[in-house]
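Take 1 as the starting number for the sequence shown in our numbering and just add one per residue.
Taking it in order: structure first as structure tokens, then the write-up.
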Amino acid sequence: MEVMHERVAGLDVHKAMIVACVRIMSEGKVKRECRTFETSTAGLEALLDWLTVSSCTHVAMEATGVYWKPVWNILSDGAFELIVANAAHIKNVPGRKTDVNDATWIADLVACGLIRASFVPDETIQELRSLLRARKQLTREQTSHIQRIQKTLEEANIKLDSVISDIMGVSGRRMIEAMVAGVRNPHQLAALADRRIKAAPKVLYDALHGRLTDDHRFMLELYLGQHDALSQAIAKIGYPLHSSEFGICADLPKFTMALYDAGPMATAC
1 MEVMHERVAG LDVHKAMIVA CVRIMSEGKV KRECRTFETS TAGLEALLDW
51 LTVSSCTHVA MEATGVYWKP VWNILSDGAF ELIVANAAHI KNVPGRKTDV
101 NDATWIADLV ACGLIRASFV PDETIQELRS LLRARKQLTR EQTSHIQRIQ
151 KTLEEANIKL DSVISDIMGV SGRRMIEAMV AGVRNPHQLA ALADRRIKAA
201 PKVLYDALHG RLTDDHRFML ELYLGQHDAL SQAIAKIGYP LHSSEFGICA
251 DLPKFTMALY DAGPMATAC
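In structure tokens form, the structure reads like this:
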């Protein structure tokens, strides 16, 4: 197979170590040398020095979980082309021998130009994607706590969600907080409804007429506290998203979709 790059390296990245293979083509002969490095900052800097001394022009590694990211951050300072490849793409390239380690195989592939580089966004975009993912996860957790509140109310035979579309809205919030404070009288709870609630007083009374125990009140207070803590966390994430550092929030929903549709590295970054 035709060799396109004479001095290359392949990296097999693990959590605690990296196996690196330098492949040098000289006078028609291939020379390989494999070394193991720790994934500490000192170990990665030593790897960078070795690759630089070896005069590698291309260095490739698989996108393995999040382990490749600190490797990329340090090795990107090198004077070589750094390639992050999709692991499935490398696996599907035919011709691999069973006794060849991953680093050697990656080095052979990059030497022959058989590795397709995945898109790696710049640091600012990576930070933004991390914030967006965190916000999405926190929002899911918050929704779970709302569902737990609904379940607790259902156990108490309080059908609040049948008369109020959003139990965490103004009216629902007032009623739940009143329940936590010890109010059990359906008339008192119904009186907390906003005037815009369309349900008739009798319907509200029937929905709020349940059997609320101290255990229910405790669980409602617990879930409500978790919901509010997550609201604060989501709001905290929202500040850097809307800051001038990113400058993209004039059309954040479309930009968010563009980030998640960014290509092969969308799941790795």
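Glycine included, every Cβ here is placed at the ideal spot set by N, Cα and C.
Residues of the same chain with a CB within less than 7 Å of the CB of asparagine 157, apart from the 5 flanking positions on each side, are Gly210 and Arg211 in chain order. Across the set Gln150, Val8 and Ile146, the C-alpha of Val8 shows the shortest separation from the C-alpha of alanine 103. Going by beta carbons, tryptophan 68 and valine 13 fall inside the 8 Å limit. Beta-bridge partners of leucine 82 (DSSP): Val59. Methionine 25 is bridged by DSSP to Val30.
Contact check for phenylalanine 37 against cysteine 56 fails: the beta carbons are separated by 8 Å or more.
In the DSSP assignment, arginine 7 falls within the beta strand (DSSP E) that extends over 7-13. By the neighbour-count criterion, in which a residue is buried when 16 or more other Cβ atoms sit within 10 angstroms of its Cβ, tyrosine 223 is buried. When only Cα atoms are considered, valine 163 and arginine 184 end up about 17 Å apart. Listed in chain order, the non-local C-beta contacts of valine 170 below 7 Å within the same chain comprise Asp194, local neighbours out to five positions each way being set aside.
Judged by beta-carbon spacing, tryptophan 105 lies within the 8 Å limit of glycine 10, meaning their Cβ atoms are closer than that value. Using a Cβ-Cβ distance cut-off of 8 Å, the segment 86-94 and the segment 106-116 are in contact, since at least three pairs of beta carbons, one from each stretch, lie closer than that value. Across the set Met219, Lys159, Pro201 and Leu47, the C-alpha of Met219 shows the shortest separation from the C-alpha of histidine 145.
Residue Ala107 holds the alpha-carbon nearest to the alpha-carbon of alanine 85 among Ile74, Ala107, Gly78 and Asp77.
The three-state reading of DSSP puts threonine 152 in helix, counting H, G and I together. Annotated as distal: leucine 75 and valine 53, with beta-carbon spacing of 8 Å or more. Ranking Arg174, Arg217, Leu128 and Asn101 by CA distance to the CA of glutamate 155 puts Arg217 first.
The DSSP-derived three-state label of valine 110 is helix.
Counting along the chain, arginine 116 sits inside no alpha helix (DSSP H), nor does DSSP assign it H or E at all.
Within the same chain, and ignoring the five residues on either side of glutamate 45 in sequence, the residues whose Cβ sits closer than 8 Å to its Cβ are Ile74. Taking 8 Å as the cut-off, the Cβ atoms of glutamate 6 and methionine 25 count as close.
Following the DSSP letters along the chain, one finds isoleucine 164 in no alpha helix (DSSP H), marked with neither H nor E. The beta carbon of isoleucine 234 sits closer than 8 Å to those of Arg135, Leu138, Thr139 and Gln142, all from its chain and outside the five residues before and after it, given in chain order.
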